[in-house]
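So the protein sequences, as listed, match chains A and Y. Note that the working numbering gives residue 40 to position 40 of the first sequence, counting from 1, and the numbers run on in steps of one. Note that the working numbering gives residue 119 to position 119 of the second sequence, counting from 1, and the numbers run on in steps of one. All C-beta atoms in this analysis are idealised placements derived from N, C-alpha and C, irrespective of residue type, glycine included. To start, the structure under review is shown below, and the notes come after it.
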Amino acid sequence: MPSTSSDRAVDHLPGGLKLLIAGGFGVGKTTLVGAVSEIAPLKTEATITEASVGVDDIALTGGKTTTTVALDFGRISIANEYVLFLFGLPGQERFWFMWDQLCIGALGVIVLVDTRRIEDSFEAVDYFERTGIPFLVAVNEFEGAQFSYTGPEVREALQLRPDVPVVMCDARSRTSAVNVLIALVKHLQTIDYRTVRPAAPELAAHEGSYI
Amino acid sequence: MSRGDPEAFVDSAAGRLIRPYAVAGGRTAPNEDFHLVTYVVATGRALGDLGPDHDDILSLCDRPISVAEVSALSGLPLAVTKILLSDLLGWRAIDTRAPVPVFERARPSTDLLEKVLDALYKL
Numbered sequence: 001m002p003s004t005s006s007d008r009a010v011d012h013l014p015g016g017l018k019l020l021i022a023g024g025f026g027v028g029k030t031t032l033v034g035a036v037s038e039i040a041p042l043k044t045e046a047t048i049t050e051a052s053v054g055v056d057d058i059a060l061t062g063g064k065t066t067t068t069v070a071l072d073f074g075r076i077s078i079a080n081e082y083v084l085f086l087f088g089l090p091g092q093e094r095f096w097f098m099w100d101q102l103c104i105g106a107l108g109v110i111v112l113v114d115t116r117r118i119e120d121s122f123e124a125v126d127y128f129e130r131t132g133i134p135f136l137v138a139v140n141e142f143e144g145a146q147f148s149y150t151g152p153e154v155r156e157a158l159q160l161r162p163d164v165p166v167v168m169c170d171a172r173s174r175t176s177a178v179n180v181l182i183a184l185v186k187h188l189q190t191i192d193y194r195t196v197r198p199a200a201p202e203l204a205a206h207e208g209s210y211i
Numbered sequence: 001m002s003r004g005d006p007e008a009f010v011d012s013a014a015g016r017l018i019r020p021y022a023v024a025g026g027r028t029a030p031n032e033d034f035h036l037v038t039y040v041v042a043t044g045r046a047l048g049d050l051g052p053d054h055d056d057i058l059s060l061c062d063r064p065i066s067v068a069e070v071s072a073l074s075g076l077p078l079a080v081t082k083i084l085l086s087d088l089l090g091w092r093a094i095d096t097r098a099p100v101p102v103f104e105r106a107r108p109s110t111d112l113l114e115k116v117l118d119a120l121y122k123l
């Protein structure tokens, strides 16, 4: 029963857009979100049920245990027309099934890398290369980091395809964090989408029941 | 209960004719109308006493707001938030706008990416 009124509130709703930030625990995902967001980062919770591995747990809960996964996010308004949301992906490997759902409809992904623990990023890079979702690698240059790497060294270490951009950043700096987003959008402008597959096409109709 | 005719449970004078938990009862999967960045806004339709959870969520929808923010600000998990929003949509207490489709066999529009870039340059 569509209304015929031209000033319905729904006509003024912005279109939601989504960017994702992946990376290991403590790499600065929430810091990056906070640096660019127009609101203080918010936290929403996905409650998931996992098969329990503990015998005691099985006795108590029938073999399933409920886990809460927090998603930090912020937002940036785009010309009163759109709102761009930035979500930090849960880093733990056992939550990767959530990535499939979170990736649906995402413009692109920032893989944030801490060069002190570069190995934490291998699997994220592999995941996004497999799913075909556009991403770039942002190297968070921690002050006093024991090892300082150049972009090419990070590219080599992560065995990135030549078309994947690598940018250096300081996730605490608004200017630097904004530059990462700009680099990602510029990257999106160069992509031949005929070769890009939607992540998890079997789930593409909706996000699913976890998030 | 027919999900296709939510109107059957709303009376223009009396408001909702059945309790929220009865409407939501048994559903554990959220309505597909809601994604994290789906925008919602209250229609202003008066429904009477909805119960605290629906009331809390509906009051957050006084202004345009995303599903993710409704969840964060209400403190309710996403799945629960989506179920309650499904109820409100069924009762026509809210309107929704789906996320911008960006990844369905097509690139995001050039115009969209330009607008995003412009906004980022202004930050």
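With 16 as the cutoff for other CB atoms within 10 Å, does residue i come out buried or exposed?
{"i": "T44/A", "result": "buried"}
{"i": "F25/A", "result": "exposed"}
{"i": "A22/A", "result": "buried"}
{"i": "N214/A", "result": "Chain A is shown only over 1 to 211; residue 214/A falls outside these bounds and no answer can be derived."}
{"i": "F128/A", "result": "buried"}
{"i": "R216/A", "result": "Residue 216/A lies beyond the range of chain A shown here (1 to 211); nothing can be said about it."}
{"i": "E69/Y", "result": "buried"}
{"i": "P152/A", "result": "exposed"}
{"i": "S148/A", "result": "exposed"}
{"i": "R174/A", "result": "exposed"}
{"i": "R97/Y", "result": "buried"}
{"i": "H54/Y", "result": "buried"}
{"i": "S59/Y", "result": "exposed"}
{"i": "L15/A", "result": "Looking at the sequence itself, residue 15/A is Gly, so the reference to Leu does not match. Buried is the call here."}
{"i": "F97/A", "result": "exposed"}
{"i": "Q189/A", "result": "exposed"}
{"i": "H12/A", "result": "exposed"}
Helix, strand or coil for residue i? Go by DSSP, reduced to three states.
{"i": "Y149/A", "result": "coil"}
{"i": "I94/Y", "result": "strand"}
{"i": "N140/A", "result": "strand"}
{"i": "G88/A", "result": "strand"}
{"i": "I182/A", "result": "helix"}
{"i": "S52/A", "result": "Note that S52/A scores a pLDDT of 43, beneath 50, so its modelled location is shaky and nothing firm can be said."}
{"i": "D11/A", "result": "helix"}
{"i": "D170/A", "result": "coil"}
{"i": "L20/A", "result": "strand"}
{"i": "K82/Y", "result": "helix"}
{"i": "L123/Y", "result": "coil"}
{"i": "V109/A", "result": "strand"}
{"i": "F135/A", "result": "strand"}
{"i": "V154/A", "result": "helix"}
{"i": "R130/A", "result": "helix"}
{"i": "Q159/A", "result": "coil"}
{"i": "A25/A", "result": "It is worth fixing the name first, because residue 25/A is Phe in this sequence and not Ala. Looking at F25/A - three-state DSSP - the assignment turns out to be coil, as it is neither helix nor strand."}
Can you tell me which residues form a DSSP beta bridge with residue i?
{"i": "S121/A", "result": "Answer is none; S121/A lacks a bridge partner."}
{"i": "Y82/A", "result": "G15/A and I78/A"}
{"i": "G70/A", "result": "The amino acid at residue 70/A is misidentified as Gly; the sequence shows Ala. BP columns for A70/A point to E45/A."}
{"i": "D114/A", "result": "N140/A"}
Write down the C-beta distance between residue i and residue j rounded to the nearest angstrom, noting that I regard them as a contact closer than 8 Å.
{"i": "F142/A", "j": "D114/A", "result": "7 Å"}
{"i": "L105/A", "j": "V80/Y", "result": "Contrary to the premise, residue 105/A reads as Gly rather than Leu in this sequence. That belief does not hold up - the Cβ atoms of G105/A and V80/Y are roughly 21 Å apart, past 8 Å."}
{"i": "C169/A", "j": "V125/A", "result": "About 17 Å separates the two Cβ atoms, so there is no contact after all."}
{"i": "V40/Y", "j": "V67/Y", "result": "7 Å"}
{"i": "V83/A", "j": "L117/Y", "result": "At roughly 15 Å, the Cβ-Cβ gap does not stay under 8 Å, so V83/A and L117/Y are not in contact."}
{"i": "L120/Y", "j": "V178/A", "result": "6 Å"}
Kindly provide the ranges of any beta strand (DSSP E) runs that are 3 or more residues long and lie completely inside the stretch 34 to 80 of chain Y, ordered along the chain. 39 to 42
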